[in-house]
Amino acid sequence: MSIVLALPKGRILDEAGPLLARAGIAPAADYADESSRRLRFPTNHPELDVIRVRSFDVATFVAFGGAQIGICGGDVLMEFDYQEIYAPLDLGIGHCRISVAEPKDDVHTNFASLSRIRVASKYPNLAKKHFAAKGIQAEVVELNGSMELAPGLGLSRLIVDLVQTGSTLKANGLVETDVIAHVSSRLIVNRIALKTRPDEVNFWIESFRKALAA
């Protein structure tokens, strides 16, 4: 049975390309083609396949054993906190931050007077924990995209979202007012696979470790 490496679609997939090459992994040419209908791709190693899934789904595939290893953003790991996942390596790619943002013309700098606030986010657990630490109950409106629209259309007072450059916030009249966490992408491993297939899984952990040192 092949080892399956789960990769996220989008920006991190592009950034992971050179790292995969240094680790000696060459997937089928269309693995990085977003228009390809295939989702599972062979590699130059007969015992290793690559799957391409949504970034939030990488952790789920690995946690439930659909994939044995994966590349996953730290934001996803913090949101889901799967006990079945071991994250041995920070890969140094996909750098960004999870931040609170709000309309630039209505910045509320003092949350001490609030006991409840509505927040739009795809990170309900992180958002609730962040505001709970400030003594505020967050009512989270869960959105999977176009978060920046929420305050202007009355869905929420704030948003909690992933920020790289801040240009999308600026273009939509929002400003970053708090950074919850700085994140990057990590190599993740299914803990059961690490125990039941230690030689195979450790081989790939070490391959990525060497790739980072190269």
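Under full-length UniProt numbering, the first residue of the sequence shown is numbered 1, with each subsequent residue one higher.
Cβ atoms here follow ideal geometry from the backbone N, Cα and C, with glycine treated the same way.
Coarse secondary structure for residue i, derived from DSSP in three states
i           : result
residue 151 : coil
residue 64  : coil
residue 144 : coil
residue 158 : strand
residue 205 : helix
residue 178 : strand
residue 231 : Lying before the first or after the last residue shown, residue 231 is absent from the chain, which here runs from 1 to 214.
residue 82  : coil
residue 197 : coil
residue 6   : strand
residue 71  : strand
residue 188 : strand
Spatially closest choice to residue i from the options, by CA coordinates
i           : options               : result
residue 118 : 127, 140 and 15       : 140
residue 4   : 17, 11, 40 and 18     : 40
residue 215 : 76, 180 and 52        : Residue 215 falls outside the range modelled here, since the chain spans only 1 to 214, and no answer is possible.
residue 206 : 196, 192, 191 and 187 : 187
residue 181 : 116, 10 and 74        : 74
residue 190 : 202, 19, 7 and 69     : 69
residue 105 : 173, 25 and 192       : 173
residue 87  : 1, 160, 97 and 59     : 59
residue 183 : 37, 92 and 80         : 92
residue 165 : 98, 83 and 208        : 98
residue 196 : 65, 114 and 46        : 65
residue 57  : 158, 171, 21 and 9    : 9
residue 19  : 171, 94 and 159       : 94
Straight-line gap, residue i to residue j (C-alpha atoms, nearest Å)
i           : j           : result
residue 27  : residue 49  : 8 Å
residue 204 : residue 194 : 11 Å
residue 23  : residue 78  : 26 Å
residue 123 : residue 162 : 9 Å
residue 67  : residue 179 : 32 Å
residue 35  : residue 72  : 22 Å
residue 89  : residue 62  : 15 Å
residue 169 : residue 154 : 16 Å
residue 138 : residue 214 : 44 Å
residue 210 : residue 176 : 37 Å
residue 15  : residue 121 : 25 Å
residue 144 : residue 54  : 11 Å
residue 96  : residue 30  : 27 Å
residue 7   : residue 103 : 34 Å
residue 227 : residue 101 : In the structure as shown, the chain begins at 1 and stops at 214. Residue 227 is therefore absent and cannot be evaluated.
residue 44  : residue 201 : 17 Å
residue 76  : residue 1   : 27 Å
residue 11  : residue 185 : 11 Å
residue 116 : residue 150 : 17 Å
residue 130 : residue 80  : 15 Å
residue 156 : residue 148 : 10 Å
residue 127 : residue 135 : 12 Å
residue 199 : residue 146 : 43 Å
residue 25  : residue 208 : 10 Å
residue 42  : residue 13  : 16 Å
residue 152 : residue 159 : 11 Å
Can you list the alpha helix (DSSP H) stretches of 4 or more residues lying completely in the segment 33-64, in chain order?
-> 55-63
Continuous beta strand (DSSP E) assignments of at least 3 residues falling wholly in the segment 88-125 = 96-103 and 116-121
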